[in-house]
Structure formats: structure tokens, C-alpha cells
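The numbering of the sequence shown is this note's numbering, which starts it at 242 and goes up by one. Where is the CB? At the ideal position from N, CA and C, for every residue including glycine.
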Amino acid sequence: MQKESEAELKEIEAALASLVPRTDQLHRERLMYLAGRASVLAERQACRLAWAWPAAFSAMTAVAATLLVILAARPASPVAAPPSQTAMGGSVAEPGSRAAPEPQPRNSPSPAASPAIDTMAALGDRLHPDDVGPELPYPLLLARVLERGLDAWPPEPSTPAPLEGPARPSSYRELRQELLDGRPAASARVRFLPDLLLPGAKS
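And the structure:
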């Protein structure tokens with residue numbers, strides 16, 4: 242097996258030895274130029290990769306230092322008042338002071354002094370000066386209540402008494418007792434009883 246492989250190698254070697262390069266198509270200067278250029282490009286690429294991480298780290302460090310300087314040089318902003326105290330119009334005391342804030346008068350108009358309510362009240366007085374009932378429109382009724390107080394609110398309508406249901410049918414003994422007692426309602430009920438209950442009675 243080894244002898245056969247050696248024989249094949251010798252045949253390949255002989256075939257390669259028979260090949261003669263063509264000197265008319267070889268340019269020595271161009272070949273050397275291309276080889277030098279390939280080596281320079283490989284070195285440049287390796288140099289760029291070696292400097293990429295240090296350059297990125299330096300840039301991030303510079304940005305962080307700049308932000309730190311800006312934060313340190315910026316003046317402290319005043320503490321904003323809570324929304325609830327600002328809406329009520331009260332002054333906010335500083336954290337170090339213990340003095341209570343001075344109460345300030347509210348400038349918001351009262352409900353009774355509102356122009357819209359005054360207009361509704363005037364319209365209601367034009368229609369019916371003394372009419373404050375459930376048939377009055379709701380805006381006018383509200384204006385009357387705000388103007389005259391809760392006494393102007395109309396009383397609730399009295400609810401009618403619930404109707405009594407149908408009378409419970411009386412038994413034979415109850416009807417007989419009512420007849421003996423002489424009640425007129427019992428005689429009216431007896432007329433509607435069937436003949437089975439009172440034999441001999443005619444409808």
C-alpha cells in the first residue's frame with residue numbers, strides 16, 4: 242500500500258517538473274507591489290482594531306466628566322410648592338422656618354354672587370316671583386335655593402297610601418259568625434258563595 246502511494250507521488254512530481262513557467266506573462270515589479278500592498282493593509286487593519294477600544298473608552302470618560310462638571314456648576318433650583326397649596330393660594334414656608342403661613346383672602350366669588358346665578362334668579366323672578374315648585378326648571382330652582390336658602394326648596398309630594406289588596410276570602414264559619422252578628426258585609430259575601438257551601442241558597 243505504501244509503495245503504491247509513493248509511485249503515485251512520483252508520477253505527480255514528474256508531471257509538475259515537466260511544467261515550465263512562461264516568463265513572458267510574469268511581471269516581477271507588479272508581483273512585488275501587490276505583495277507589499279497586501280502586507281501593509283493587514284498591518285493597518287490590525288492597528289485600527291487595537292486602537293478602537295481605547296478610543297471609545299476615552300470618549301465615554303470625557304462625556305461623563307463633562308456631565309459631572311455641568312451638574313456641579315448648575316445652581317440649586319428652588320423647591321416647587323405642592324399643587325394643593327398653590328391652588329388654594331397659600332404661601333409655602335421654607336423648610337428651615339417654623340412660622341405658619343399667613344392666611345390670604347380668597348378672591349373666588351361666592352356662589353350667590355356669580356353672574357350666571359344672578360341671571361337665572363332674575364329670569365325666575367320674571368316668570369313667577371313666588372313659584373318654587375317641582376314644575377320649575379332645575380336651573381331656576383337651583384338659583385332660587387341659592388338665593389333664598391334651603392327654605393325655598395319645595396316639599397316632597399305626599400305619596401298616596403298604597404291600595405289595599407283584595408279581601409281574603411272568608412271561611413264558612415267566619416261568614417256564619419258574621420251573619421249571626423248582623424254584619425252587612427257578610428250578607429254581600431254570602432251571595433257570591435257557591436251552592437255547595439250553603440245548600441238551599443240561590444244565586
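Kindly provide the ranges of any beta strand (DSSP E) runs that are 3 or more residues long and lie completely inside the region 242 to 273, ordered along the chain. Listed in chain order, there is nothing to give.
Helix, strand or coil: which one does DSSP assign to residue 296? helix
Go ahead and pull the three-state DSSP assignment for residue 280. If DSSP states are grouped into helix, strand and coil, residue 280 belongs with the helices.
Taking its Cβ as the centre, do 16 or more other Cβ atoms sit within 10 Å of residue 414, making it buried, or is it exposed? Counting of Cβ neighbours within 10 angstroms places residue 414 among the exposed residues, the total staying below 16.
Assign residue 290 to buried or exposed, taking buried as 16 or more other Cβ atoms, counted over all protein chains shown, within 10 Å of its Cβ. Looking at its Cβ environment, which holds fewer than 16 other Cβ atoms inside 10 Å, residue 290 is exposed.
For a test of the three-state rule: what should DSSP assign to residue 287, helix, strand or coil? helix
First and last residue of the uninterrupted alpha helix (DSSP H) at residue 384: 379 to 389
Counted within 10 angstroms of its Cβ, other Cβ atoms place residue 312 as buried (16 or more) or exposed: Under this definition residue 312 is an exposed residue.
DSSP on residue 414, reduced to helix/strand/coil? helix
Just how far apart, CA to CA, sit residue 417 and residue 423? 10 Å
Rounded to the nearest angstrom, what separates residue 468 and residue 266 at their Cα positions? As displayed, the chain neither begins before 242 nor continues past 444, which places residue 468 out of reach and without an answer.
What's the call for residue 385, buried or exposed, on a 16-neighbour Cβ count within 10 Å? buried
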